[in-house]
Amino acid sequence: MPTLAPLFKALSDPSRLGIFERLTRGEMAVMELTAQFELSQPAVSQHLAVLRQAGLVTVRRDGRMVYYGVRPDAFRPLVDWLSHYQAFWPRRVDRLKALLERMEP
Amino acid sequence: MSRERDADKIELSWDLPHPPEKVWRALTEPALVAQWLLPTDMELKPGRPFRFRGEPNPLWDGVVRSEVLELEPGRRLAYTWVAGGPVGLDSRVTWTLTPIRGGTRLSLEHAGFKAGNGPAFQGARAGWNRNVGERMAAALAAMD
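One line per chain: the protein sequences are A and B, in this order.
All residue numbers for the first sequence refer to the numbering used here, where the first residue is 67 and numbers rise by one.
All residue numbers for the second sequence refer to the numbering used here, where the first residue is 198 and numbers rise by one.
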């Protein structure tokens, strides 16, 4: 699935991956993330910007606070089920053919 | 094997050198289905839900939920194929067996790939597993 490359690139950095994983469990503000990850605030902001650009993270403003969360449909346009199953079924039917050879008539 | 492409479904067929009765068994007996497709508690009664199970990954919860839609023993079997997880798929699989000289033509139609058809994406974070990122790369590489 080559179209997933931008996502992998965004998540290839351990700090970004950690931030993303933390956000899958609930929204957080930059300050809270900064405290949890022992990163500078600019570093966290930079990571969040990359995650946003990859479409993995959303922003919600509430007064002066800015909360980050995961985009639940982040992978949706990138997972092509049709292509997946176009490869899946022929492989499975190859196994079916092998099974039929083994089966009693 | 022939194949046709279309935005909404997959249609494939194979000519097998085995009689329809034997192919039917391989499609319907859980112990046999497990050997080529996925482990299943399949019990072919219209309306009775059953499941296929596989290795979960961040994009799939490891379960395909199914229910018999059509059952014509030896000839035709259709069931729902609903994959759960963050990127769900609500689809239908139909197997048709046609006797041919020396064997069986096995036809598959897998329909329901229209965008927006999946059950997932309800609720903000409902579908997200914990540790989604950690397991994602490996799981996608292993998907078949």
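Think of the CB as a built atom: it goes at the ideal place given N, C-alpha and C, for glycine as much as any other residue.
Every value quoted in this text rests on a predicted model; they were computed, and no experiment measured them.
Next item on the list: Using a Cβ cut-off of 7 angstroms, pull out every chain B residue sitting near Tyr-151 of chain A, in sequence order please.
Entry: Ile-207, His-307
Next item on the list: Round the Cβ separation of Gly-271 of chain B and Asp-212 of chain B to the nearest angstrom and send it over; I've been treating them as touching at under 8 angstroms.
Entry: So it is not a contact: roughly 17 angstroms between Cβ atoms.
Next item on the list: Helix, strand or coil for Phe-249 of chain B, going by three-state DSSP, please let me know.
Entry: strand
Checklist line | chain A contact for Trp-211 of chain B (CB, 7 angstroms cutoff) | finding: yes
Check: CB-CB under 7 angstroms to Phe-103 of chain A, same chain, minus the five flanking residues each way: which ones, in chain order?
Finding: Ser-81, Gly-84, Ile-85, Val-110
Note to self: Within a Cβ cutoff of 7 angstroms, which residues of the same chain sit near Leu-89 of chain A, ignoring the five residues on either side of it in sequence?
What the structure shows: Val-123, Tyr-134, Gly-135, Val-136
Notebook entry, point to check: Which value, in whole angstroms, describes the spacing of the CA atoms of Leu-303 of chain B and Arg-158 of chain A?
Noted result: 13 angstroms
Notebook entry, point to check: At a CB-CB cut-off below 8 angstroms, which residues of chain A make contact with Trp-233 of chain B?
Noted result: Arg-158, Val-159, Arg-161, Leu-162, Ala-164, Leu-165
Item checked: Three-state class that DSSP yields for Gly-300 of chain B in the structure shown -> strand
Notebook entry, point to check: What residue does the beta strand (DSSP E) around Ala-231 of chain B start on, and which one ends it?
Noted result: Here Ala-231 of chain B belongs to no beta strand (DSSP E); instead the alpha helix (DSSP H) covers 227 to 233.
Check: How many Å lie between Glu-208 of chain B and Ala-76 of chain A at the Cα?
Finding: 36 angstroms
Checklist line | Within-7 angstroms CB hit, Leu-148 of chain A to chain B | finding: yes
Check: Of all Cβ atoms in chain A, is any one closer than 7 angstroms to the Cβ of Phe-247 of chain B?
Finding: no
Notebook entry, point to check: Any residues in the region 97 to 117 of chain A with a beta carbon nearer than 9 angstroms to a beta carbon of chain B? Which ones, in chain order?
Noted result: none
Next item on the list: Alpha carbon to alpha carbon, how far is Leu-162 of chain A from Glu-240 of chain B? Give it in angstroms, no decimals.
Entry: 19 angstroms
Margin query: Under 8 angstroms, with one C-beta from each stretch per pair, do the region 262 to 269 of chain B and the region 241 to 253 of chain B reach the 3-pair mark?
Written below: yes
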